[in-house]
Amino acid sequence: MLSLAGLSDALRHAADMGDRSRQVRCTWRVLGLEGESVRASSGIEVPVQQAFSSTFDFDYLAVIGGLLPQIDRVPAGYPRYLKQVAEAGIPLIGVCTGSFVLARHRLMDERVACVHPFHVDDWKAMFPGHPFVTHTDYHVDRDRITCAGGISIIELAAELARRHCGPGTSAKVIHQMTVAPRKSSSHMARRQALGYITTEKDKLRQVVLLMEKNLSPPLEIAVIARLVGSNPRQLERAFLAETGFTPSDYYRTLRLKYGRWLLTTSDISINEIAFECGFADASHFIRHFQTQFGMTPGRLRRALEGGA
Numbered sequence: 009m010l011s012l013a014g015l016s017d018a019l020r021h022a023a024d025m026g027d028r029s030r031q032v033r034c035t036w037r038v039l040g041l042e043g044e045s046v047r048a049s050s051g052i053e054v055p056v057q058q059a060f061s062s063t064f065d066f067d068y069l070a071v072i073g074g075l076l077p078q079i080d081r082v083p084a085g086y087p088r089y090l091k092q093v094a095e096a097g098i099p100l101i102g103v104c105t106g107s108f109v110l111a112r113h114r115l116m117d118e119r120v121a122c123v124h125p126f127h128v129d130d131w132k133a134m135f136p137g138h139p140f141v142t143h144t145d146y147h148v149d150r151d152r153i154t155c156a157g158g159i160s161i162i163e164l165a166a167e168l169a170r171r172h173c174g175p176g177t178s179a180k181v182i183h184q185m186t187v188a189p190r191k192s193s194s195h196m197a198r199r200q201a202l203g204y205i206t207t208e209k210d211k212l213r214q215v216v217l218l219m220e221k222n223l224s225p226p227l228e229i230a231v232i233a234r235l236v237g238s239n240p241r242q243l244e245r246a247f248l249a250e251t252g253f254t255p256s257d258y259y260r261t262l263r264l265k266y267g268r269w270l271l272t273t274s275d276i277s278i279n280e281i282a283f284e285c286g287f288a289d290a291s292h293f294i295r296h297f298q299t300q301f302g303m304t305p306g307r308l309r310r311a312l313e314g315g316a
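If you use my numbering, the sequence shown corresponds to residues 9 to 316, in order.
Structure follows, in structure tokens:
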């Protein structure tokens, strides 16, 4: 439901001046089988505004996925229509598990998909060998666009607004939807900033994701171990073998890298950054930062500003 709401509201802000909500610069509607509504996984019914037809009067068609166990229960009219749209050369957008729907019906053949990190194992099981990425909000591969879902859809909508309506309209979308790119970041942007590791070990990957999503306050290693069905000693052996770090050292390095990224991409104070990175206070953060990077946070910021 968030994917649908995020996409439609972003388009609403892109379409008109102010908050008038007129469909001037762009239009949108919910398509489906005539006379039917679509039940979201939250249980909310979404009415179909326009039935499928042979008139493709749109520039994109977005497929917003639902629960994976129901992927094979999609009425035949939907994949048939998607194939007709694809044959007409209109780009298809797979949002969240919508990318699974496209792949299931061979509409992602020879294309790379963007998959939410929590659905990686599902993707591998359902489409073994099919290439995918997880380190970005969305991925464009010719006439297919796939998006991780959640708030990542806002980033995609802003990019579409930039392409078709200009950078000013894109900036309006970001501002109106209170996305603050200089003072906050999506989980995907964090992963890029942190220099995430790639591993085929499922348990280790789960641990890293937990760490990345819980930078502040940080979780205790014993808690993380319990959440993934392991224990601290087993985790330590796995981390040392894979990364050369203990779990605690790796976790601290993630938080420090995130702090360095915030220092270089935002103007928030060092005290605030220390808190955002899960350190007890600024002095604790500064001490570990200097040990890790060879300079204090203040010195790094001054260097970036052209000072001594």
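Built from N, CA and C at the ideal position, the CB exists for glycine as well.
Note that the structure is a prediction, hence the values are computed from the model and not measured.
Would you give the residue range spanned by the beta strand (DSSP E) that E53 belongs to? 53-55
**Request:** Take every Cβ of the stretch 137-151, pair it with every Cβ of the stretch 117-126, and state whether three or more of those distances are shorter than 8 angstroms.
**Result:** yes
State the DSSP-derived secondary structure class of L75, mapped to helix, strand or coil.
coil
Rounded to whole angstroms, what is the Cα-Cα separation between G252 and G237? 22 angstroms
Nearest by alpha-carbon distance to V71: which of F287, I278, A156 is it? A156
Within the same chain, show all residues whose beta-carbon is closer than 7 angstroms to that of D289, passing over the 5 residues directly before and after it, in chain order. A282
Leaving out five residues before and five after R190 in sequence, what residues of the same chain have Cβ atoms less than 8 angstroms from its Cβ? At R190, the pLDDT of 41 sits below 50, so the modelled position is not reliable and the matter cannot be decided from this model.
ask   = If you count every other CB in all the chains shown that lies within 10 Å of the CB of P305, and 16 or more means buried, which is it?
value = buried
Report the rounded CA-to-CA distance for L53 versus E42, giving the unit in angstroms. Checking the sequence shown, residue 53 turns out to be Glu, not Leu. Those two C-alpha atoms are separated by around 15 angstroms.
*Return the bridge partner residues of H172 from the DSSP annotation.*
H172 pairs with nothing; no bridge assigned.
Look up F287 in the DSSP assignment and say whether it is helix, strand or coil. coil
Helix, strand or coil for F253? Go by DSSP, reduced to three states.
coil
Q) Of the residues A96, T299, I153, which one's Cα is nearest the Cα of M116? A) I153
Considering only DSSP beta bridges, list what R152 is partnered with.
L100, D149
Exercise. With respect to the alpha helix (DSSP H) encompassing V123, which residues constitute its N-terminal and C-terminal limits?
Worked result: Per DSSP, V123 belongs to no alpha helix (DSSP H) and is neither H nor E.
With 16 as the cutoff for other CB atoms within 10 Å, does S107 come out buried or exposed? buried
**Asked** In terms of alpha-carbon separation, which member of E163, S224, F135, G137 lies closest to H147?
**Response** E163
Q. How long is the line joining the alpha carbons of L243 and A48, rounded to whole angstroms?
A. 38 angstroms
Margin query: Out of W36, D67, S62, which one is the CA nearest neighbour of V56?
Written below: W36
Where D80 and Y86 are concerned, what is the direct C-alpha to C-alpha distance, given to the nearest angstrom? 11 angstroms
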